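Residue numbers (our numbering): 1 to 280. All residues carry an ideal CB built from backbone N, CA and C; glycine is no exception. Model, not experiment: these values are computed from the prediction. Report on the following structure.
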C-alpha cells in the first residue's frame with residue numbers, strides 16, 4: 001500500500017514540478033520497487049508491486065525522453081517497465097509502455113522498429129483496454145506515421161482515434177488511473193500535427209485552436225507544443241509575422257515550463273524560417 005501510493009502522487013507532480021527536479025525521485029522510486037520485488041514472495045503481492053513498479057518506471061521514462069531528451073535512459077526505463085508489467089500480467093500497462101517506446105525510433109526515422117513496437121502495443125491492447133486508451137494508441141500511431149511520411153495513414157488513424165473516443169461512455173473496460181495524459185483536447189493536438197504534415201493547414205488550424213482553448217493551466221507543457229505547431233502552419237502558409245508572434249508565445253511558455261520535446265518543435269519551426277531572415 002505504501003509503495004503504490006507514491007506513483008500516483010508523482011504523476012500529479014509531473015505537470016507542475018520542473019522535470020530536472022522530478023526525474024531523480026522518479027528513478028529512485030522505480031529502483032526501490034525493483035529491490036522490493038526481488039524479495040517478495042506470494043504471487044498476489046508480487047503482481048501488485050510489479051504493477052506499481054511498471055507505473056513508476058513508465059513515469060521515469062516519460063521524464064527522460066519527453067522532458068529531458070535522454071533517449072538511452074528512457075529506453076532502459078521503458079524496458080524495466082515492460083518487464084514489470086509482464087510480471088503483473090497487466091496488458092493495459094504493457095500496451096501503453098510499448099506505444100510510448102515506439103516514439104523513440106520514430107524520432108530517429110527508424111520506421112521498422114517503431115512499427116513493430118506499435119504492432120506489439122496493439123497485440124496487448126487486444127486483450128482488453130478502455131476506449132480512451134484505444135483512442136490514444138491510434139493517436140500515437142498517427143503521429144508516428146506522420147513523422148515517417150505516411151500522411152494518408154496518419155489521417156486515417158486520427159479518424160479511428162476519434163471514433164474510439166466517441167465510444168468512451170460505453171466502454172466495458174474502465175480507464176486506468178495512470179492514463180492521465182490523454183483526452184479530447186490532447187487528441188486535437190495529435191490531429192493538428194497530422195493535418196499539418198498532411199498538407200491541410202485549415203483542418204490543422206481548427207484542431208489546434210480547439211486544443212489551445214481547452215488546455216487547462218496544468219497542461220502548460222502541451223501548450224508549447226500546440227503553439228509551435230500553430231507557428232508551423234503560419235510558416236507553411238507564408239504568414240511570417242504571425243509565425244514569429246506565435247513562436248514567441250511558445251518560447252515564453254517554454255521558459256516557464258520546460259519541455260524537451262516542446263523545444264524540439266520550436267527549433268524545427270525556427271529552422272524553416274531561415275529563408276525569411278531578411279523579411280522586414
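The alpha helix (DSSP H) enclosing residue i, as first and last residue numbers
i	result
residue 22	19-38
residue 237	Careful: residue 237 lies outside any alpha helix (DSSP H) and carries neither H nor E.
residue 160	151-166
residue 87	71-88
residue 126	Note, residue 126: premise wrong, no alpha helix (DSSP H); not H, not E.
residue 170	Premise fails: residue 170 is in no alpha helix (DSSP H) and is neither H nor E.
residue 190	184-197
residue 272	260-272
residue 100	91-107
residue 4	2-14
residue 51	43-62
residue 217	Careful: residue 217 lies outside any alpha helix (DSSP H) and carries neither H nor E.
Integer Cβ distance of residue i from residue j, believed to fall under 8 Å
i	j	result
residue 37	residue 50	6 Å
residue 250	residue 220	About 11 Å; that fails the 8 Å criterion.
residue 87	residue 52	No, residue 87 and residue 52 are not in contact; Cβ-Cβ is about 11 Å, not under 8 Å.
residue 324	residue 145	With the chain represented from 1 up to 280, any question about residue 324 goes unanswered, as that position is not in the structure.
residue 208	residue 188	7 Å
residue 201	residue 233	5 Å
residue 184	residue 195	At roughly 16 Å, the Cβ-Cβ gap does not stay under 8 Å, so residue 184 and residue 195 are not in contact.
residue 19	residue 63	5 Å
residue 67	residue 260	5 Å
residue 182	residue 143	Residue 182 to residue 143, Cβ: 12 Å. No contact.
residue 9	residue 26	About 11 Å; that fails the 8 Å criterion.
residue 30	residue 80	7 Å
residue 245	residue 269	The Cβ separation is near 13 Å, so there is no contact.
residue 77	residue 128	Actually they are not in contact, since the Cβ atoms of residue 77 and residue 128 sit about 25 Å apart, beyond 8 Å.
residue 104	residue 65	6 Å
Contact check, residue i vs residue j, beta carbons under 7 Å
i	j	result
residue 74	residue 61	yes
residue 84	residue 54	yes
residue 151	residue 112	no
residue 218	residue 15	yes
residue 240	residue 267	no
residue 94	residue 124	yes
residue 102	residue 114	yes
residue 160	residue 106	no
residue 222	residue 212	no
residue 157	residue 167	no
residue 235	residue 243	yes
7 Å Cβ cutoff, residue i in contact with chain B
i	result
residue 131	The chain inventory of the structure shown lacks chain B, comprising one protein chain alone.
Contact between the region 117-129 and the region 97-107 (3+ Cβ pairs under 8 Å): The answer is yes - the region 97-107 touches the region 117-129, with three or more Cβ pairs under 8 Å.
Three or more C-beta pairs below 8 Å linking the region 167-184 and the region 122-138: At 8 Å Cβ cutoff, the stretches touch.
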